[in-house]
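Start counting the sequence shown at 1339; every next residue gets the next number (the numbering used here).
Glycine included, C-beta positions come from ideal geometry on N, C-alpha and C.
Note that the structure is predicted; figures quoted are calculated from it, not measured.
Below is one structure, written out as C-alpha coordinates, with a few remarks after it.
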Amino acid sequence: MEHKILIKGTIPVPDGVVVSLDKGIFTVKGPKGTVSRSLHAPSVASKVEDGKVVFSVRGKPTLRQKKLIGTFKAHVGNLFRGVTQGHTYRLKVCSGHFPMAVALKGKVFEVKNFIGEGVPRTLEIRDDVKVAVNGDEIVVESISKEAAGQVAGAIEQLCRRPGFDARIFQDGIYIVEKDGKSVA
(Lines of atoms letter the chains of each structure in order from A and count residues from 1; the text may use other names and numbers.)
(Lines give C-alpha, C1' and ligand atoms only; values in the text may rest on other atoms or scores of the structure.)
Protein backbone atom coordinates (compact mmCIF):
# COMPACT_ATOMS: atom_id res chain seq x y z
CA MET A 1 0.00 0.00 0.00
CA GLU A 2 1.38 3.38 -1.04
CA HIS A 3 1.14 6.26 1.41
CA LYS A 4 -0.14 9.55 0.09
CA ILE A 5 1.79 12.74 0.60
CA LEU A 6 -0.36 14.71 3.02
CA ILE A 7 1.82 17.73 3.71
CA LYS A 8 4.07 19.68 1.38
CA GLY A 9 6.10 22.85 1.77
CA THR A 10 7.32 24.65 -1.35
CA ILE A 11 9.55 27.65 -1.87
CA PRO A 12 9.95 29.25 -5.31
CA VAL A 13 13.55 29.75 -6.44
CA PRO A 14 14.23 33.46 -7.20
CA ASP A 15 15.47 34.58 -10.62
CA GLY A 16 19.24 34.39 -11.03
CA VAL A 17 19.60 31.74 -8.31
CA VAL A 18 20.71 28.15 -8.91
CA VAL A 19 19.93 25.48 -6.29
CA SER A 20 21.43 22.02 -6.08
CA LEU A 21 20.71 19.27 -3.57
CA ASP A 22 23.12 16.43 -2.83
CA LYS A 23 22.55 14.06 0.11
CA GLY A 24 20.75 16.67 2.22
CA ILE A 25 23.21 19.49 1.48
CA PHE A 26 21.69 22.50 -0.28
CA THR A 27 24.10 24.59 -2.36
CA VAL A 28 22.73 27.94 -3.50
CA LYS A 29 24.53 30.11 -6.08
CA GLY A 30 23.47 33.68 -6.77
CA PRO A 31 24.74 37.13 -7.72
CA LYS A 32 26.49 37.69 -4.35
CA GLY A 33 28.14 34.28 -4.08
CA THR A 34 27.66 30.66 -3.07
CA VAL A 35 26.48 29.28 0.26
CA SER A 36 25.82 25.71 1.44
CA ARG A 37 23.73 24.31 4.27
CA SER A 38 23.00 20.79 5.47
CA LEU A 39 19.26 20.19 5.95
CA HIS A 40 18.57 16.54 6.55
CA ALA A 41 15.85 14.71 8.45
CA PRO A 42 14.98 11.06 7.76
CA SER A 43 11.24 11.72 7.92
CA VAL A 44 11.21 14.73 5.54
CA ALA A 45 11.91 14.31 1.82
CA SER A 46 13.60 17.21 -0.01
CA LYS A 47 13.85 17.81 -3.75
CA VAL A 48 14.35 20.58 -6.29
CA GLU A 49 11.92 20.54 -9.20
CA ASP A 50 10.38 23.03 -11.67
CA GLY A 51 12.02 26.10 -10.12
CA LYS A 52 10.85 25.18 -6.61
CA VAL A 53 12.28 23.55 -3.52
CA VAL A 54 9.80 20.99 -2.17
CA PHE A 55 9.73 19.43 1.30
CA SER A 56 7.23 16.61 1.85
CA VAL A 57 6.19 13.92 4.32
CA ARG A 58 4.59 10.60 3.42
CA GLY A 59 1.61 9.50 5.44
CA LYS A 60 -0.01 11.40 8.28
CA PRO A 61 2.48 14.07 9.44
CA THR A 62 3.37 14.43 13.10
CA LEU A 63 3.73 17.80 14.79
CA ARG A 64 7.53 17.40 14.71
CA GLN A 65 7.50 16.82 10.95
CA LYS A 66 5.36 19.93 10.42
CA LYS A 67 7.83 21.95 12.49
CA LEU A 68 10.78 20.53 10.52
CA ILE A 69 9.19 21.53 7.22
CA GLY A 70 8.65 25.08 8.51
CA THR A 71 12.22 25.24 9.77
CA PHE A 72 13.65 23.95 6.50
CA LYS A 73 11.58 26.47 4.52
CA ALA A 74 12.91 29.31 6.70
CA HIS A 75 16.53 28.15 6.31
CA VAL A 76 16.26 27.84 2.52
CA GLY A 77 14.57 31.26 2.39
CA ASN A 78 17.54 32.70 4.32
CA LEU A 79 19.94 31.08 1.83
CA PHE A 80 18.04 32.68 -1.07
CA ARG A 81 18.00 36.09 0.62
CA GLY A 82 21.71 35.84 1.40
CA VAL A 83 22.84 35.19 -2.18
CA THR A 84 20.52 37.87 -3.60
CA GLN A 85 20.54 40.69 -1.01
CA GLY A 86 22.92 39.64 1.77
CA HIS A 87 22.44 39.83 5.54
CA THR A 88 23.37 42.96 7.51
CA TYR A 89 23.74 43.55 11.25
CA ARG A 90 24.33 47.02 12.73
CA LEU A 91 26.04 47.67 16.06
CA LYS A 92 26.41 50.90 18.04
CA VAL A 93 29.45 51.90 20.11
CA CYS A 94 28.36 53.44 23.42
CA SER A 95 30.98 54.99 25.69
CA GLY A 96 30.56 57.44 28.53
CA HIS A 97 33.50 58.71 30.54
CA PHE A 98 36.29 56.92 28.68
CA PRO A 99 36.16 57.43 24.88
CA MET A 100 36.34 54.00 23.25
CA ALA A 101 38.30 53.64 20.01
CA VAL A 102 37.22 50.94 17.54
CA ALA A 103 39.37 49.93 14.57
CA LEU A 104 39.63 47.20 11.97
CA LYS A 105 43.16 46.11 11.04
CA GLY A 106 42.95 43.59 8.25
CA LYS A 107 40.85 40.75 9.66
CA VAL A 108 41.35 41.76 13.31
CA PHE A 109 38.72 43.90 15.06
CA GLU A 110 40.21 45.96 17.89
CA VAL A 111 38.66 47.91 20.78
CA LYS A 112 40.99 50.34 22.57
CA ASN A 113 40.45 52.21 25.84
CA PHE A 114 37.34 50.26 26.85
CA ILE A 115 36.54 51.63 30.36
CA GLY A 116 40.10 52.94 30.51
CA GLU A 117 41.85 49.61 29.91
CA GLY A 118 45.42 49.81 28.71
CA VAL A 119 45.38 46.55 26.76
CA PRO A 120 43.20 46.48 23.61
CA ARG A 121 40.54 43.78 23.20
CA THR A 122 40.78 41.96 19.85
CA LEU A 123 38.64 39.62 17.79
CA GLU A 124 39.58 37.74 14.62
CA ILE A 125 36.91 38.17 11.91
CA ARG A 126 35.87 35.17 9.77
CA ASP A 127 36.82 35.20 6.08
CA ASP A 128 33.22 35.08 4.80
CA VAL A 129 32.13 38.19 6.75
CA LYS A 130 32.75 41.88 5.96
CA VAL A 131 32.96 44.38 8.82
CA ALA A 132 32.95 48.15 8.33
CA VAL A 133 33.50 50.79 11.03
CA ASN A 134 31.89 54.21 10.45
CA GLY A 135 32.44 56.40 13.52
CA ASP A 136 30.32 54.90 16.30
CA GLU A 137 28.49 52.49 13.98
CA ILE A 138 29.71 49.02 13.02
CA VAL A 139 28.19 47.19 10.03
CA VAL A 140 28.55 43.39 9.69
CA GLU A 141 27.63 41.88 6.29
CA SER A 142 27.66 38.33 4.93
CA ILE A 143 25.77 36.05 2.56
CA SER A 144 25.36 33.60 5.45
CA LYS A 145 22.92 34.74 8.13
CA GLU A 146 24.55 32.47 10.71
CA ALA A 147 28.04 33.84 10.03
CA ALA A 148 26.90 37.48 10.23
CA GLY A 149 25.01 36.81 13.46
CA GLN A 150 27.95 34.97 15.04
CA VAL A 151 30.38 37.81 14.31
CA ALA A 152 27.93 40.49 15.50
CA GLY A 153 27.34 38.54 18.71
CA ALA A 154 31.07 38.03 19.25
CA ILE A 155 31.70 41.78 18.84
CA GLU A 156 28.94 42.51 21.38
CA GLN A 157 30.40 39.94 23.82
CA LEU A 158 33.88 41.43 23.39
CA CYS A 159 32.86 44.42 25.55
CA ARG A 160 30.73 42.54 28.07
CA ARG A 161 31.29 43.23 31.78
CA PRO A 162 30.06 40.35 33.92
CA GLY A 163 29.19 41.20 37.51
CA PHE A 164 28.11 44.77 36.73
CA ASP A 165 24.56 46.07 36.42
CA ALA A 166 23.98 46.72 32.69
CA ARG A 167 21.37 49.40 33.51
CA ILE A 168 24.02 51.55 35.18
CA PHE A 169 27.29 50.59 33.46
CA GLN A 170 26.23 51.06 29.84
CA ASP A 171 29.59 51.30 28.09
CA GLY A 172 29.99 48.72 25.36
CA ILE A 173 29.05 47.74 21.82
CA TYR A 174 25.43 46.72 21.26
CA ILE A 175 23.47 45.21 18.36
CA VAL A 176 20.81 47.72 17.30
CA GLU A 177 19.60 46.09 14.06
CA LYS A 178 19.48 42.38 13.27
CA ASP A 179 19.21 41.73 9.55
CA GLY A 180 16.84 44.64 8.91
CA LYS A 181 14.85 44.29 12.14
CA SER A 182 15.25 46.82 14.94
CA VAL A 183 16.29 45.34 18.28
CA ALA A 184 15.60 48.25 20.61
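On the DSSP bridge assignment, give the partners of residue i in chain order.
i: G1368; result: G1371
i: V1426; result: As written in the sequence, residue 1426 is Thr, which differs from the Val given in the question. Partner(s): E1479.
i: D1360; result: I1363
i: N1472; result: E1475
What does the alpha-carbon distance come out to for the pair residue i and residue j?
i: T1400; j: S1381; result: 10 Å
i: R1542; j: G1510; result: With the chain covering 1339 to 1522 only, the question about residue 1542 has no answer from this structure.
i: D1474; j: C1432; result: 8 Å
i: D1375; j: T1348; result: In the sequence under discussion, the amino acid at residue 1375 is Arg, which differs from the Asp named in the question. Taking the straight line from one Cα to the other gives about 17 Å.
i: F1436; j: G1456; result: 12 Å
i: P1352; j: R1419; result: 9 Å
i: G1371; j: G1518; result: 20 Å
i: F1610; j: K1516; result: Past the boundaries of the shown model lies residue 1610; the chain is included only from 1339 to 1522, so the question cannot be answered.
Take the Cβ of residue i as the centre, count every other Cβ of all protein chains shown within 10 Å, and call the residue buried at 16 or more, exposed below.
i: V1478; result: buried
i: E1359; result: The sequence as given places Leu at residue 1359; Glu does not occur at that position. Answer is exposed; the Cβ neighbour count stays below 16.
i: I1506; result: exposed
i: V1521; result: exposed
i: V1446; result: exposed
Does the beta-carbon distance from residue i to residue j come in below 8 Å?
i: V1440; j: I1476; result: yes
i: V1366; j: V1355; result: yes
i: K1384; j: K1346; result: Lys is not the amino acid found at residue 1384; the sequence shown has Ser there. No, the pair does not count as a contact, with Cβ atoms beyond the cut-off.
i: L1417; j: V1449; result: no
i: V1414; j: V1391; result: yes
i: G1389; j: L1377; result: no
What do you reckon, is the C-beta of residue i under 7 Å from a heavy atom of the ligand FAD?
i: F1452; result: As presented, the structure is devoid of all ligands, the ligand FAD included, so that no description of it is given.
Taking three-plus beta-carbon pairs below 8 Å as touching, is the stretch 1413–1433 in contact with the stretch 1490–1509?
yes
Hey, is the stretch 1480–1489 in contact with the stretch 1410–1426, meaning 3+ C-beta pairs nearer than 8 Å?
yes
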